[in-house]
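In structure tokens form, the structure reads like this:
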């Protein structure tokens, strides 16, 4: 049987560095497929091409047009095999149209030195049982975001007021996170996790999904099993765009992934 | 005559989307050419290809091998012209070897909506005359980093203790910044400014230049003339790598550019 996520990111090697994928309808949000899920599909193809360097260390994706459920191809190219990392490129296409283009550095996270000198601190989340389960999301959110059913996340109520029309205005969303069927995190699933939660603009009183222009993910360590803590924040909403930073912490309290994306402000603006 | 920076990023159109450049020796740091300067050369070629959308909005560069002073080619490709932005790719090569590969979104910053709802706050810098001029940098720094002479920057003394063997340990470097010959900032020069200062690892007691694996720049507005404020910070030094976030603020107090890079920890480690 296996887990849903693994089935949904499955790829078949078609020809020299090119893979066939089938984007699953369960990951739809708004007008298209969730960008984080699509990134994990690309990441899975790159892993296959990268061979003995199986882990994404840095991945930058530029979203050209909306992906939709159904067949897709992922064409990968190795640009350089260095002493310890490999740089690659990937293009995801549907119906002959390029949807996402990406650059990536792959390596072996297990082989990195053990030193950790971080000044970053874990998100301060209330205990699981005091957070709001994703299953309690408003009907309208679940309708435009079937992907919410892939997850079991528990939102910090301090930044969940938008669900009842009272956004905190902080530009923050944070939650406990795991996949609904209990599939444990790994470096590829982290690529999805970095873009899984609702956009931070919800917390600024702007409902509506926010299309990503560019997202760069850094995976810094292999995550331990168990619940993840995910925190999204934005500081600069300007010129119709905002940056969204994401951090993912594992159950041992280690910062395992970071990302920044540049996204367009949702069209329908309330509050403000 | 013109300004040094403009001469040094000059490109000649050679063929369909390909440009000839000449990387100037004045931008050497450590074993190669400064990554921010190289990014500005690439950004200048992309600007030429992007035509009526002249401004970099997002640029992600992956550094494959060290660039050196001398001739280079920049091959550009337009991937998609959307409703308001164009996505492009670029490859910088020397001696037939790919040095840097990049993806980018270009647009017209002047045409963006005026709304600004930022919660980010300007770096808190002492007045210019209380900061340490780059010309006072230690001899060994100037020797490995001729590029320092391109700038007139004034470091916040609170994070400049590394220059006398007393790093603050905060992982922060911040300074007033301008080009030495007074050339005013613009969106292309911001690409350089985002990677101009010494690496934040200096402030963690790790001398030595830190090779960039990946750098993504977001240019959020056309900068006003005058001094810029630049702040670099890292929070997660782990596994031999660290992320370095940079912000550039213009003389009107607007956040005009943001970047994050993933770099390798310098080899020679002191303090720690």
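Residue numbers (full-length UniProt numbering), protein chains in the order written: chain A, 1 to 272; chain B, 1 to 272. Ideal placement from N, C-alpha and C gives every residue a C-beta, glycine not left out.
Which residues in the same chain have their Cβ closer than 6 Å to the Cβ of residue i, if we skip the five residues on either side of it in sequence?
i, result
"residue 224 (chain A)", "250, 251, 252"
"residue 8 (chain B)", "24"
"residue 42 (chain A)", "74, 90, 92, 102"
"residue 94 (chain A)", "72"
"residue 30 (chain A)", "144, 209"
"residue 123 (chain A)", "174, 229, 231"
Residues in the same chain with beta-carbon distance under 8 Å from residue i, minus the five sequence neighbours each way, listed in chain order, please.
i, result
"residue 214 (chain A)", "60, 61, 62, 63, 261, 262"
"residue 222 (chain A)", "55, 109, 110, 186, 187, 256"
"residue 98 (chain B)", "64, 65, 91, 92"
"residue 159 (chain A)", "168, 170, 172, 173, 174, 203"
"residue 45 (chain B)", "11, 19, 21, 74, 76, 90"
Which residues of chain A have a Cβ atom closer than 7 Å to the Cβ of residue i, listed in chain order?
i, result
"residue 218 (chain B)", "243, 262"
"residue 235 (chain B)", "118, 119, 120"
Per the DSSP calculation, residue i is bridged to which residue(s)?
i, result
"residue 241 (chain A)", "A:238, A:264"
"residue 70 (chain A)", "A:23"
"residue 3 (chain A)", "Its beta-bridge partners do not exist; DSSP assigns none."
"residue 219 (chain B)", "B:257"
"residue 63 (chain A)", "A:100"
"residue 151 (chain B)", "B:179"
"residue 53 (chain A)", "In DSSP, residue 53 (chain A) forms no bridge with anything."
"residue 231 (chain A)", "A:174, A:247"
"residue 91 (chain A)", "A:75, A:101"
"residue 133 (chain B)", "B:154"
"residue 86 (chain A)", "A:81, A:106"
Closer than 8 Å by beta-carbon distance: list the chain B residues that pair up with residue i, in chain order.
i, result
"residue 101 (chain A)", "79, 87, 89, 103"
"residue 213 (chain A)", "57, 58, 85, 105"
"residue 98 (chain A)", "79, 80"
Check the Cβ of residue i against every Cβ in chain B and list those closer than 9 Å, keeping chain order.
i, result
"residue 223 (chain A)", "Near residue 223 (chain A) there are no residues of chain B at all, since even the closest Cβ is about 13 Å away, more than 9 Å."
"residue 113 (chain A)", "238, 239, 240, 265"
Return helix, strand or coil for residue i, following the three-state DSSP convention.
i, result
"residue 79 (chain A)", "strand"
"residue 33 (chain B)", "strand"
"residue 11 (chain B)", "strand"
"residue 17 (chain A)", "coil"
"residue 58 (chain B)", "strand"
"residue 39 (chain B)", "helix"
"residue 213 (chain B)", "strand"
"residue 118 (chain A)", "strand"
"residue 164 (chain B)", "helix"
"residue 111 (chain A)", "helix"
"residue 28 (chain A)", "strand"
"residue 194 (chain B)", "coil"
"residue 145 (chain B)", "coil"
"residue 125 (chain B)", "coil"
"residue 225 (chain B)", "coil"
"residue 207 (chain A)", "coil"
"residue 201 (chain B)", "helix"
"residue 187 (chain A)", "helix"
"residue 252 (chain A)", "coil"
Which same chain residues end up closer than 7 Å to residue i when comparing Cβ atoms and leaving out the 5 residues on each side of it in sequence?
i, result
"residue 151 (chain B)", "134, 177, 179, 180, 196"
"residue 69 (chain B)", "23, 24, 25, 28, 33"
"residue 154 (chain B)", "128, 131, 132, 133, 175, 176"
"residue 233 (chain B)", "171, 172, 200, 245"
"residue 77 (chain A)", "17, 88, 89"
"residue 5 (chain B)", "179, 183, 189"
"residue 240 (chain A)", "264, 265"
Using a Cβ cut-off of 9 Å, pull out every chain A residue sitting near residue i, in sequence order please.
i, result
"residue 46 (chain B)", "Per Cβ cutoff of 9 Å: no residues; residue 46 (chain B) is ~13 Å from chain A at best."
"residue 255 (chain B)", "235, 236, 238"
"residue 94 (chain B)", "Here the premise fails: no neighbours, minimum Cβ distance about 14 Å."
Between residue i and chain D, is any beta-carbon pair separated by less than 8 Å?
i, result
"residue 15 (chain B)", "Absence of chain D from the displayed structure is noted, the protein chains being A and B."
So does residue i have its beta carbon nearer than 7 Å to some heavy atom of the ligand FMN?
i, result
"residue 202 (chain B)", "This structure does not include the ligand FMN; it has no bound ligands of any sort."
Members of the segment 48-67 of chain A near chain B, C-beta cut-off 8 Å: 57, 58, 60, 62, 64, 65
Residues within the segment 118-151 of chain A neighbouring chain B, beta-carbon criterion of under 8 Å: 118, 119, 120
Short-range partners of chain B found in the segment 9-40 of chain A, where Cβ spacing is below 7 Å: Residues of the segment 9-40 of chain A with a C-beta less than 7 Å from any C-beta of chain B: none at all.
Cβ-based contacts, 7 Å cut-off: residues of the segment 156-187 of chain B near chain A: Going along the segment 156-187 of chain B in chain order, one finds 171 with a Cβ nearer than 7 Å to chain A.
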